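Trainee: Position one of the sequence shown corresponds to residue 56 (our numbering), numbered consecutively onward.
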Amino acid sequence: MHIKNRSFFNYVDFFTSDNFRVIGEYAGKKLFLIGRAKGYGDPIVAICQTDEPTQEELSACDLYELMKFSHHSVKLTEAI
């Protein structure tokens with residue numbers, strides 16, 4: 056697993072890839088929870104093209120920022 060923008064998220068505790076979990080959908084793609092911010096525990100997510108995030112180059116993003124600024128809706132299917 057490779058998170059290509061990991062250096063921008065030095066305030067995040069990233070999970071190991073076997074602890075990633077699907078929490079919903081974004082623009083028809085799977086939305087994985089991949090970590091939490093150290094201070095407040097805000098969810099950090101990645102959008103995956105496949106069911107196997109360990110085989111993709113992921114981009115981390117703050118879930119709340121994604122929900123706030125995106126043109127697509129975020130459908131959460133699991134409590135975070």
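Think of the CB as a built atom: it goes at the ideal place given N, C-alpha and C, for glycine as much as any other residue. This structure is a prediction, so every number in the text was calculated from the model and none was measured.
Which stretch, first to last residue, makes up the alpha helix (DSSP H) that contains F124?
Mentor: Walking along the sequence shown from the start, residue 124 turns up at place 69. Element bounds for F124: L118 to F124.
Trainee: Select from F70, A115, G83 and Q110 the residue whose C-alpha is nearest the C-alpha of V129.
Mentor: Numbered from its first residue, the sequence shown carries residue 129 at position 74. When each option's Cα is compared against that of V129, the closest is G83.
Trainee: Relative to the alpha-carbon of N74, which residue among D117, K123, F63 and R91 has its alpha-carbon at the smallest distance?
Mentor: As a first step, residue 74 is located in the sequence shown; it is residue number 19 there, counting from the start. Ranking the options by Cα distance to N74, first place goes to R91.
Trainee: With DSSP run on the structure shown, which of helix, strand or coil describes F63?
Mentor: Stepping through the sequence shown from its first residue, residue 63 is reached at position 8. Of the three classes helix, strand and coil, the one that applies to F63 here is helix, per DSSP.
Trainee: Can you look up D68 in the DSSP assignment and give me helix, strand or coil?
Mentor: The sequence position of residue 68 within the sequence shown is 13, counting from 1. DSSP places D68 in strand when its eight states are reduced to three.
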